[in-house]
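Q:
2 protein chains.
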Amino acid sequence: MSEVTKPGGTRAIARDAVRARISEVAVDLFDEHGFDNVTVEQIAAAVGVSPRSVHRYFPAKEDTVIGDPAGWGEHVRDQLVARPSDEPIWDALLASYEALLATPGRNEAQGRKAMRILGSTPALRARNLEKHLLWAHLLTPIVAERLEGDHRGLRAEAIVQASLACFDIALTAWAEADAVESSVELLRRSFGALQPTA
Amino acid sequence: MSEVTKPGGTRAIARDAVRARISEVAVDLFDEHGFDNVTVEQIAAAVGVSPRSVHRYFPAKEDTVIGDPAGWGEHVRDQLVARPSDEPIWDALLASYEALLATPGRNEAQGRKAMRILGSTPALRARNLEKHLLWAHLLTPIVAERLEGDHRGLRAEAIVQASLACFDIALTAWAEADAVESSVELLRRSFGALQPTA
DNA sequence: CCACAAGTGGCAGAGACTGACAGATCAGGC
DNA sequence: GCCTGATCTGTCAGTCTCTGCCACTTGTGG
Numbered sequence: 004m005s006e007v008t009k010p011g012g013t014r015a016i017a018r019d020a021v022r023a024r025i026s027e028v029a030v031d032l033f034d035e036h037g038f039d040n041v042t043v044e045q046i047a048a049a050v051g052v053s054p055r056s057v058h059r060y061f062p063a064k065e066d067t068v069i070g071d072p073a074g075w076g077e078h079v080r081d082q083l084v085a086r087p088s089d090e091p092i093w094d095a096l097l098a099s100y101e102a103l104l105a106t107p108g109r110n111e112a113q114g115r116k117a118m119r120i121l122g123s124t125p126a127l128r129a130r131n132l133e134k135h136l137l138w139a140h141l142l143t144p145i146v147a148e149r150l151e152g153d154h155r156g157l158r159a160e161a162i163v164q165a166s167l168a169c170f171d172i173a174l175t176a177w178a179e180a181d182a183v184e185s186s187v188e189l190l191r192r193s194f195g196a197l198q199p200t201a
Numbered sequence: 004m005s006e007v008t009k010p011g012g013t014r015a016i017a018r019d020a021v022r023a024r025i026s027e028v029a030v031d032l033f034d035e036h037g038f039d040n041v042t043v044e045q046i047a048a049a050v051g052v053s054p055r056s057v058h059r060y061f062p063a064k065e066d067t068v069i070g071d072p073a074g075w076g077e078h079v080r081d082q083l084v085a086r087p088s089d090e091p092i093w094d095a096l097l098a099s100y101e102a103l104l105a106t107p108g109r110n111e112a113q114g115r116k117a118m119r120i121l122g123s124t125p126a127l128r129a130r131n132l133e134k135h136l137l138w139a140h141l142l143t144p145i146v147a148e149r150l151e152g153d154h155r156g157l158r159a160e161a162i163v164q165a166s167l168a169c170f171d172i173a174l175t176a177w178a179e180a181d182a183v184e185s186s187v188e189l190l191r192r193s194f195g196a197l198q199p200t201a
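So the sequence lines, in the order shown, correspond to chains A and B.
To convert, note that position 97 of the first sequence is 100 in my numbering; the numbers rise steadily by one, no gaps.
To convert, note that position 176 of the second sequence is 179 in my numbering; the numbers rise steadily by one, no gaps.
1. Here's the rule I'm using: 16 or more other beta-carbon atoms within 10 Å means buried, otherwise exposed. How should Ala196 (chain A) be labelled?
2. Quick check on the burial criterion: 16 or more other C-beta atoms within 10 angstroms. Buried or exposed for Thr13 (chain A)?
3. Could you tell me whether the Cβ atoms of Glu3 (chain B) and Ile172 (chain A) are closer together than 8 Å?
4. Spatial neighbours of Arg155 (chain A) within its chain, please: CB distance less than 7 Å, with the 5 preceding and 5 following residues excluded, ordered by chain position.
5. Can you tell me whether DSSP reads Asp181 (chain B) as helix, strand or coil?
6. Check the Cβ of Ala176 (chain B) against every Cβ in chain A and list those closer than 9 Å, keeping chain order.
7. To the nearest angstrom, how far is it from the Cα of Leu96 (chain A) to the Cα of Ser166 (chain A)?
8. Start and end of the alpha helix (DSSP H) containing Leu116 (chain A)?
9. Relative to chain B, which residues along the stretch 122-148 of chain A have a C-beta separation below 7 Å, given in chain order?
10. Would DSSP call Glu35 (chain B) helix, strand or coil?
11. Below 8 Å, can you find three or more Cβ-Cβ pairs linking the stretch 121-140 of chain B to the stretch 71-82 of chain B?
12. Would you be able to state if there are at least three C-beta pairs under 8 Å between the stretch 116-129 of chain B and the stretch 28-40 of chain B?
13. Determine the chain A residues that contact Leu83 (chain B) at a beta-carbon separation under 8 Å, and present them in chain order.
14. Whose C-alpha, out of B:Val79, B:Ser123, B:Glu101 and B:Lys134, is nearest the C-alpha of Ile145 (chain B)?
15. Hey, how far is the Cα of Thr8 (chain B) from the Cα of Ala15 (chain B)?
16. When you compare the CB of Ala196 (chain A) with every CB in chain B, is at least one pair closer than 8 Å?
17. So, at 7 Å on beta carbons, what are the nonlocal neighbours of Ser186 (chain A) in its own chain, with the 5 sequence-adjacent residues on each side left out?
18. If the criterion is Cβ atoms closer than 8 Å, does the pair Ser88 (chain A) and Arg149 (chain A) meet it?
19. Quick check on this structure: which residue in B:Asp66, B:Ile46 and B:Arg55 has the alpha carbon closest to the alpha carbon of Ala129 (chain B)?
20. List the residues of chain B that Ala165 (chain A) touches, going by C-beta distances under 9 Å, in chain order.
21. Tell me which residues share the same chain as Ala126 (chain B) and place their Cβ nearer than 7 Å to its Cβ, disregarding the 5 neighbours each side in the sequence.
22. When burial is assigned at 16 or more other CB atoms within 10 Å of the CB, is Ser123 (chain A) buried or exposed?
23. Can you check which of these residues, B:Arg22, B:Val68 and B:Arg24, is closest to Phe38 (chain B) by C-alpha distance?
24. Thinking C-alpha only, which one of B:Gln198, B:Phe61 and B:His36 is nearest Arg18 (chain B)?
25. I'd like to know whether the C-beta of Arg24 (chain B) is nearer than 8 Å to at least one C-beta of chain A.
26. Grab me the residues of Val21 (chain B)'s own chain with a C-beta within less than 7 Å of its C-beta, minus the 5 sequence neighbours each way, in chain order.
27. Helix or strand or just coil, what does DSSP make of Ser53 (chain B)?
28. Between which two residues does the alpha helix (DSSP H) containing Phe194 (chain A) stretch?
29. What residues from the stretch 75-103 of chain B come within 7 Å of chain A, judged by C-beta to C-beta, listed N to C?
30. Any beta carbon from chain A within less than 8 Å of Arg192 (chain B)'s own beta carbon?
31. Taking buried to mean at least 16 other C-beta atoms within 10 Å of its own C-beta, is Thr42 (chain B) buried or exposed?
32. Just to check my reading of the structure: Leu132 (chain A) and Glu179 (chain B) have Cβ atoms closer than 8 Å, yes? What is that Cβ distance to the nearest angstrom?
33. Compile a chain-ordered list of the residues in the stretch 52-71 of chain A whose CB is closer than 7 Å to at least one CB of chain B.
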């Protein structure tokens, strides 16, 4: 998961590494003491950098847990546009999210820990929902293009937001349950809850 | 819309009035200058109280726009439990939200202004979605009770969150469009987007 | 080797929010 | 009318997040 920085160069590699390290340390500290009881200064000290630099890598403290929203959002969008245009929209969305969950390079334990912290702190939940809003802006136009009839914009928004809610619910359940079920399984089940007849 | 304070007494009335006044002034200022360009100090000065008092009425600056989340959430919940138990769940949810929109005492112009500000600032949208999360906690158990089969908890969550997304989308669209369509109409349409077959 | 870009740290400051304390204000009993 | 106690308010001091700004260091490419 490289960042937004220009791809080439050793500098970009170092940057990503530092970024990942800060995130890792922060999540561990949050997990142990709680999000509100850890200051940016403490995170910086634990990593070995100045507080100023932490804020250079992450505009907000919450982002150390959330990560890079735009990156994965664009990933989902790319998956969606690649689906055949005659596929039912819900199937296409489900497949796109599944592809995201199946992306390699995602640390299972770390991801679950981050998700658990995310669910425990209101401020973090809010920031996470903001990320979903950003995703929605990326996905809605694509969905709207596949719909027919009137009010496509409104309907597309409803479908996208509902699917994102399913995605969020599945991940939350996955983080809280003790690995007895895969995230993909939970995702399919939550999607199924909205289509009793189809 | 009285608050959480004990019902009786002139003091509670005064308290609600001050609270409403602060909210009104804040929304006007945000509307004119933008949410981020207005400080709590300015709001306090405009109302004629100290900044400390503003924070006494509203724990966070965002809450001056959002209002009291729990109050209306419980209202929706009460509506939902009052629906006949054999009614399809989506119909029951739709009716409950409609009842909320039809509640008297809601200032149309002020509500629309607040909604528009809410849509223009990411931090506010996120905080508003947090409110919906609180509502979801109230509604999910009731919905779960009406479902049958396995995984009722997860399915109930998906349904509730999806319906809340529809509610939010309808209100946002209502605030941005220029009154050409009623909020109830938009709500029904967004609900319809999720049930192409039913 | 040298110029230049990029990264870092320290500093100062704004703004949101909190706790503690003292004074003002109002309800209800006498 | 007046006192007592509860409630409300303002002031002050303080923490924490986040942002410019500037000087310094460290790599990168010519």
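Cβ coordinates follow ideal geometry from the N, Cα and C atoms, glycine included.
A: Well, looking at it:
1. That one is buried.
2. Under the 10 Å beta carbon count, Thr13 (chain A) is surrounded by fewer than 16 other beta carbons and is classified as exposed.
3. Here chain B has residues from 4 to 201 only, and residue 3 (chain B) is not among them.
4. Excluding positions up to five away in sequence, the list reads Ala147.
5. Coil, per DSSP.
6. Residues of chain A whose Cβ lies closer than 9 Å to the Cβ of Ala176 (chain B) are, in chain order, Gly156, Leu157 and Glu160.
7. Distance between the alpha carbons of Leu96 (chain A) and Ser166 (chain A) is about 7 Å.
8. The sequence as given places Lys at residue 116 (chain A); Leu does not occur at that position. Residues Glu111 to Ser123.
9. So the close ones are Pro125, Arg128, Ala129, Arg130, Leu132, Glu133 and Leu136.
10. The three-state secondary structure of Glu35 (chain B), taken from DSSP, is helix.
11. Yes, they touch.
12. As far as the Cβ criterion goes, the stretch 28-40 of chain B touches the stretch 116-129 of chain B, which means the pair count is three or higher.
13. Think of a sphere of 8 Å around the beta carbon of Leu83 (chain B): no beta carbon from chain A falls inside it, the nearest being about 17 Å out.
14. When each option's Cα is compared against that of Ile145 (chain B), the closest is B:Val79.
15. Its pLDDT being 39, under 50, Thr8 (chain B) is placed unreliably by the model, and nothing is read from it.
16. Against chain B, the CB of Ala196 (chain A) has a partner CB under 8 Å away; the residue lies at that interface.
17. The answer, listed in chain order, is Leu104, Ala173, Leu174 and Trp177.
18. Cβ atoms of Ser88 (chain A) and Arg149 (chain A): closer than 8 Å.
19. Comparing Cα-Cα distances from Ala129 (chain B) to each of B:Asp66, B:Ile46 and B:Arg55, the minimum goes to B:Asp66.
20. Chain B residues near Ala165 (chain A): Ala161, Gln164, Ala165, Ser166, Ala168, Cys169, Ala196 and Leu197.
21. Taken in chain order, the residues that qualify are Glu65.
22. Flag for Ser123 (chain A) reads exposed.
23. Between Phe38 (chain B) and the set B:Arg22, B:Val68 and B:Arg24, the nearest pair of CA atoms involves B:Val68.
24. The shortest Cα separation from Arg18 (chain B) among B:Gln198, B:Phe61 and B:His36 belongs to B:Phe61.
25. False, the Cβ-Cβ gap to chain A never drops below 8 Å.
26. Only Tyr60 meet the Cβ criterion.
27. Three-state result, Ser53 (chain B): coil.
28. Where Phe194 (chain A) is concerned, the enclosing alpha helix (DSSP H) stretches over Ser186 to Ala196.
29. Per Cβ criterion, the list is empty.
30. Yes, Arg192 (chain B) lies at the interface with chain A (some Cβ there is under 8 Å from its Cβ).
31. Around the beta carbon of Thr42 (chain B), a 10 Å sphere encloses fewer than 16 other beta carbons of the protein chains shown; the residue is thus reported as exposed.
32. Their Cβ separation, rounded to whole angstroms, is 20 Å, which puts Leu132 (chain A) and Glu179 (chain B) out of contact at 8 Å.
33. Correct list: empty, as no residue qualifies.
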